[in-house]
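Asks: Let me begin by handing over the structure; questions about it come next.
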Amino acid sequence: MKEYVAEQLELGFLELTAPFDKMTLEKLRAEVMACTRCELHKTRQNVVFGEGNENADLVFIGEAPGAEEDQQGRPFVGAAGKLLTKIIEAMKFTREEVYIANVLKCRPPNNRDPLPNEVTHCKPFLTRQLELIKPKVICVLGTHAARALINSSEGITRMRGQFYMYNGIKVMPTFHPAYLLRNDSAKRPVWSDVQKIMAELGKQSK
Ligand code: SF4
């Protein structure tokens, strides 16, 4: 919570619809749905807040919604999302047991990379989401999501495969499922990364 308050003060966002100690995911969702903090609100079809188990031990974070997600208002519902669902099931979870969200809640036009100022404006929402969910492990998907939580300018190839800490939560970076769709050779390292998460959460791999 301290991190969120500090970020809010830094950004000048002092007015919240709910006091910090009364905030819930539903109240936060309502705030994000009405957000106009960055230019992306002008081009979005829908805000993609995130979905899943609000008490999840495991949270997956991508960088931003794509076209399908923007249309449906749900995270990871396109081809990459279907692959993520398969990965989740291979980890012996269901999609409903985990929580899935993105750093940016609105789609960047033409799926371009998130701009630094968009991340700065949107990240406090993710910080608050994570403080409310309190997962044991966060799996960040791809370079941009990893950089948003890990203080590093490295690419995902160098960052992946080891745990980092974010506000007391273990963070495992791995390749984005969209990258996996184009690069079969990335499947083995991703499986290695998610096995480390499974071990951390007491799930046995075969
Ligand atoms: Fe607000 Fe985030 Fe959407 Fe920008 S991307 S308008 S900060 S919810």
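If you read the sequence shown in numbering that gives the first Met the number 0, its first letter stands for residue 0, the second for the next number, and so on.
Don't be surprised by glycine CBs; every beta carbon is placed ideally from N, CA and C.
#1: Measure the C-alpha to C-alpha separation of Met32 and Arg111 and round it to an integer number of angstroms.
#2: Could you tell me which of Asp183, Asp69, Ile86, Gln194 sits nearest to Gln161, measuring between CA atoms?
#3: For Glu67, which residues from the same chain have a beta carbon less than 6 Å from its beta carbon, with the 5 sequence-adjacent residues on both sides left out?
#4: Are the segment 150 to 164 and the segment 185 to 201 in contact at 8 Å, needing three or more beta carbon pairs?
#5: Cutting at 8 Å between CB atoms, please list the residues of its own chain near Ile149, excluding the five before and the five after it.
#6: How big is the Cα-Cα spacing for Leu216 and Lys81?
#7: Nearest CA to the CA of Asn54: which residue from Val47, Thr23, Gly154?
#8: What number of angstroms, rounded off, separates the C-alpha of Glu38 from the C-alpha of Gln203?
#9: Tell me whether Leu39, by its Cβ, gets closer than 7 Å to a heavy atom of the ligand SF4.
#10: For Leu15, which residues from the same chain have a beta carbon less than 6 Å from its beta carbon, with the 5 sequence-adjacent residues on both sides left out?
#11: I'd like to check one pair, Glu50 with Ile99: are the Cβ atoms closer than 8 Å?
#12: Could you compute how far the alpha carbon of Lys26 sits from the alpha carbon of Glu153?
#13: Whose C-alpha, out of Ile60, Pro113, Arg28, Asp69, is nearest the C-alpha of Asn45?
#14: With hydrogens ignored, establish whether the beta-carbon of Glu117 is closer than 7 Å to any heavy atom of the ligand SF4.
#15: Please name the residue in Leu57, Ala145, Gly167 whose C-alpha comes closest to that of Val118.
#16: Tell whether a beta-carbon distance below 8 Å holds between Val102 and Ile60.
#17: Please indicate yes or no: does the CB of Thr35 lie closer than 7 Å to some heavy atom of the ligand SF4?
#18: What is the rounded straight-line gap between the Cα of Arg28 and the Cα of Arg94?
Replies: Result, derived from the coordinates:
#1: Working through the sequence shown from its first residue, we reach residue 32 at position 33. Working through the sequence shown from its first residue, we reach residue 111 at position 112. The alpha-carbon atoms of Met32 and Arg111 are separated by roughly 22 Å.
#2: The residue given as residue 161 occupies position 162 in the sequence shown. It is Gln194.
#3: Residue 67 sits at position 68 when you count from the first residue of the sequence shown. Closer than 6 Å at Cβ, skipping near neighbours: Val76, Gly77.
#4: yes
#5: On the sequence shown, position 150 is the one that residue 149 refers to. Counting only Cβ-Cβ distances below 8 Å, and skipping sequence neighbours, we find Val139, Met158, Tyr163, Tyr165, Val170, Pro172.
#6: In this structure the chain extends from 0 to 205, so residue 216 is not present and cannot be described.
#7: To locate residue 54, count along the sequence shown from 1; it is residue 55. Checking every option, the nearest Cα to that of Asn54 belongs to Thr23.
#8: For the purposes of this step, residue 38 is taken as the residue at position 39 of the sequence shown. For the purposes of this step, residue 203 is taken as the residue at position 204 of the sequence shown. Spanning the two alpha carbons is a distance of roughly 44 Å.
#9: Residue 39 sits at position 40 when you count from the first residue of the sequence shown. Checking the Cβ of Leu39 against the ligand SF4 gives yes.
#10: Here residue 15 refers to the residue found at position 16 of the sequence shown. Annotation note: pLDDT 48 at Leu15 (below 50); position unreliable, coordinate value reported separately. Contacts found: none.
#11: For the purposes of this step, residue 99 is taken as residue 100 along the sequence shown, with counting starting at 1. For the purposes of this step, residue 50 is taken as residue 51 along the sequence shown, with counting starting at 1. Result yes, Cβ atoms of Ile99 and Glu50 sit closer than 8 Å.
#12: Taking the first residue of the sequence shown as 1, we reach residue 26 at position 27. Taking the first residue of the sequence shown as 1, we reach residue 153 at position 154. If you take the alpha carbons of Lys26 and Glu153, they lie about 35 Å apart.
#13: Position 46 of the sequence shown, counted from the first residue, corresponds to residue 45. Per the Cα distances, Asp69.
#14: Reading the sequence shown from its first residue, position 118 is the one you call residue 117. Yes, the beta carbon of Glu117 sits closer than 7 Å to at least one heavy atom of the ligand SF4.
#15: As a first step, residue 118 is located in the sequence shown; it is residue number 119 there, counting from the start. Considering only alpha carbons, the answer is Ala145.
#16: Residue numbering aside, residue 102 sits at position 103 when the sequence shown is read from its first letter. Residue numbering aside, residue 60 sits at position 61 when the sequence shown is read from its first letter. Closer than 8 Å, so yes.
#17: Counting from 1 along the sequence shown, the entry for residue 35 is found at position 36. Yes, the ligand SF4 has a heavy atom inside 7 Å of this Cβ.
#18: Here residue 28 is taken as the residue at index 29 of the sequence shown, counted from 1. Here residue 94 is taken as the residue at index 95 of the sequence shown, counted from 1. If I take the Cα positions, the gap works out to 20 Å.
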